[in-house]
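Colleague: In our numbering, the protein residues as written are 5 to 56.
Every residue, glycine too, gets a C-beta built ideally from N, C-alpha and C.
After the structure tokens below, expect a handful of questions from me.
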């Protein structure tokens, strides 16, 4: 999904909080948010996205 540069990337608040609190945990982060953009802070995490 394309997004205007002036708006910036979109990420759900609950997903952002989960990534911040995960730290160096190897446990997958579960989410239903398919509309969120992958940010550099998410690199290295396993994110399980519900698709049904």
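In terms of DSSP beta bridges, what is residue 34 paired with?
Modeller: 52
Colleague: Residues in its own chain within less than 8 Å of residue 53 by CB, not counting five upstream and five downstream?
Modeller: 35, 36, 37, 38
Colleague: Going by Cα to Cα distance, which pick from 26, 18, 56, 12 is closest to residue 49?
Modeller: Looking only at 26, 18, 56, 12, the smallest Cα-Cα distance to residue 49 is reached by 26.
Colleague: Expressed to the nearest angstrom, what Euclidean distance is found between the alpha-carbon atoms of residue 51 and residue 33?
Modeller: 5 Å
Colleague: Measuring straight from C-alpha to C-alpha, what distance separates residue 9 and residue 24?
Modeller: Cα to Cα, the separation comes out at about 24 Å.
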